[in-house]
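In the working numbering, the protein residues as written are 1 to 509.
Here it is, written out as structure tokens:
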């Protein structure tokens with residue numbers, strides 16, 4: 001009955017009989033936040049990505065197995081020198097019925113590459129020096145230097161393809177009635193409540209999607225979100241709080257989909273004088289007891305990080321360098337004294353009140369840094385405001401809860417590279433080290449894997465020396481589903497934030 005009433009409200013004038021008939025094919029997805037934007041080129045956080053991946057596809061995307069999946073490109077070739085990528089488009093349609101063409105790909109990528117634009121991954125994709133369209137179904141990307149990581153960035157939700165004609169009409173209003181080529185098409189956005197999408201019958205994958213409609217309902221309060229799942233008001237929720245994970249895992253009417261991949265840490269605005277000094281950033285790495293964060297914010301669930309957040313088995317990982325830091329108050333104080341702050345200083349720490357683990361991580365850091373004389377004021381807005389501040393560099397330092405955006409080692413560029421875009425979602429604002437830039441450029445352009453390992457080893461040495469980011473722990477990223485929901489996948493490792501892709505496979509009894 002709750003489901004029927006909720007659908008009746010969302011459907012407006014639809015009668016109860018009609019709503020009931022739709023219920024078998026309608027899924028309710030409890031998001032942890034209302035997306036700040038549906039602009040395809042902006043990284044809006046996991047909730048926004050989840051909705052985008054229902055409506056949009058790129059030339060390629062990461063599939064549920066964690067591998068690159070050809071999507072709007074049926075196939076592609078990479079030149080031996082890794083300086084030219086050729087994509088052959090499949091017969092796919094946008095939601096307005098128009099075919100996906102090379103002109104649409106060119107317009108979409110040029111918008112990302114616009115130096116005056118807001119493309120979240122413009123730095124990483126700016127290696128594209130030319131886009132040729134020899135025919136309506138062929139796109140050739142010419143690169144300024146070799147890149148073995150380009151496919152990963154093209155697979156991101158921020159690299160999806162939209163119609164060139166739509167872009168021309170909506171240049172100043174890129175979230176107006178979004179049009180993509182994904183499994184679901186936009187219906188409406190009721191601000192403060194939900195975004196509704198419906199099945200796109202022209203989707204290029206035969207038999208998909210199974211669902212008729214998906215309602216992405218906003219539950220900023222995590223307790224309300226969990227209770228909505230338990231009561232049957234929603235079928236899936238994201239960002240399961242650590243305190244509720246065990247109960248939802250036990251069921252019997254719910255199942256927990258868990259993945260270890262995201263990390264927690266700090267990013268520093270290096271224009272704020274104390275944080276312009278590596279000694280201060282290193283002092284913070286030594287000052288914070290990781291176990292306090294794990295116990296305070298994650299109910300004891302998590303694994304400490306004492307070096308760079310490179311998972312074991314990933315390129316650049318070193319067991320020796322994984323324990324570069326330790327919890328050492330005396331060393332922290334000595335470093336602060338060396339930097340000219342023997343009595344500490346005051347600073348503003350940005351986090352968010354919308355996620356308890358973000359807020360509690362900030363509280364734990366505040367307590368730990370007080371022990372070395374650093375007095376913090378906590379800035380805890382809602383998530384949309386936190387993202388806006390992060391994208392503007394409006395903080396002294398910020399709690400970072402994120403992961404590697406791609407599976408290639410060049411994911412580190414998004415966090416450490418300077419370049420011409422010095423304020424981004426994941427980096428430390430205004431940090432720009434020529435040596436790190438050179439190492440990352442070389443790693444991206446090197447094809448031989450053994451040589452790349454050496455390059456990223458050198459990167460880790462330099463990154464630890466400067467510590468523009470400080471990492472504290474690995475955490476779980478959990479979804480929970482109700483009994484009867486199948487096909488939704490918490491994608492592996494670093495790709496968990498892109499799990500919304502699997503909505504094309506999701507079914508509900």
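We put the CB at the ideal spot given by N, CA and C, even for glycine.
So, helix, strand or coil for residue i, using DSSP?
i: residue 432; result: coil
i: residue 135; result: strand
i: residue 416; result: helix
i: residue 98; result: coil
i: residue 26; result: strand
i: residue 21; result: With a pLDDT of 37 at residue 21, under the threshold of 50, the modelled position of this residue cannot be trusted, and the question is left open.
i: residue 278; result: helix
i: residue 398; result: strand
i: residue 165; result: helix
i: residue 486; result: strand
i: residue 217; result: strand
i: residue 283; result: helix
i: residue 105; result: helix
i: residue 236; result: strand
i: residue 499; result: helix
i: residue 254; result: strand
i: residue 449; result: helix
i: residue 114; result: coil
i: residue 85; result: strand
i: residue 459; result: helix
i: residue 199; result: strand
i: residue 319; result: coil
i: residue 179; result: coil
i: residue 42; result: coil
i: residue 480; result: strand
i: residue 336; result: helix
i: residue 310; result: coil
i: residue 248; result: helix
i: residue 16; result: With a pLDDT of 36 at residue 16, under the threshold of 50, the modelled position of this residue cannot be trusted, and the question is left open.
i: residue 363; result: helix
i: residue 439; result: helix
i: residue 403; result: coil
i: residue 205; result: coil
Would the beta-carbon of residue i fall within 8 Å of that of residue j?
i: residue 351; j: residue 399; result: yes
i: residue 471; j: residue 332; result: no
i: residue 74; j: residue 88; result: yes
i: residue 162; j: residue 180; result: yes
i: residue 264; j: residue 293; result: yes
i: residue 359; j: residue 380; result: yes
i: residue 522; j: residue 150; result: Outside the modelled stretch of the chain, which goes from 1 to 509, sits residue 522, for which no answer is possible.
i: residue 274; j: residue 347; result: yes
i: residue 36; j: residue 239; result: no
i: residue 100; j: residue 93; result: yes
i: residue 30; j: residue 228; result: yes
i: residue 402; j: residue 444; result: no
i: residue 364; j: residue 450; result: no
i: residue 56; j: residue 258; result: no
i: residue 425; j: residue 185; result: no
i: residue 272; j: residue 428; result: no
i: residue 511; j: residue 72; result: Because the chain here runs from 1 to 509, residue 511 falls outside it and cannot be looked at.
Per DSSP, what are the beta-bridge partners of residue i in this structure?
i: residue 474; result: 263, 303
i: residue 69; result: 61
i: residue 194; result: 190, 217
i: residue 130; result: 142
i: residue 357; result: Residue 357 is not bridged to any residue.
i: residue 554; result: Since the displayed the chain opens at 1 and closes at 509, residue 554 lies outside it and no answer follows.
i: residue 268; result: 397
i: residue 93; result: 99
i: residue 211; result: Paired residue(s): none; residue 211 is not in a bridge.
Over the uninterrupted beta strand (DSSP E) stretch that includes residue i, give me the two end residues.
i: residue 349; result: 346-350
i: residue 51; result: Element bounds for residue 51: not the beta strand (DSSP E) but the alpha helix (DSSP H), 46-55.
i: residue 185; result: 184-190
i: residue 389; result: Segment 383-392 is the alpha helix (DSSP H) holding residue 389; no beta strand (DSSP E) there.
i: residue 379; result: 375-379
Taking residue i and residue j to be in contact with their CB atoms under 8 Å, please state how far apart those CB atoms are, rounded to whole angstroms.
i: residue 210; j: residue 507; result: 5 Å
i: residue 437; j: residue 417; result: 6 Å
i: residue 261; j: residue 26; result: Wrong, their Cβ atoms sit about 30 Å apart, outside the cutoff.
i: residue 290; j: residue 327; result: 7 Å
i: residue 288; j: residue 336; result: That belief does not hold up - the Cβ atoms of residue 288 and residue 336 are roughly 13 Å apart, past 8 Å.
i: residue 125; j: residue 85; result: 12 Å between Cβ atoms; not a contact.
Return the first residue and the last residue of the alpha helix (DSSP H) that residue i is part of.
i: residue 295; result: 290-298
i: residue 123; result: 122-125
i: residue 226; result: 222-231
i: residue 327; result: No alpha helix (DSSP H) contains residue 327, which DSSP labels as neither H nor E.
i: residue 150; result: 150-154
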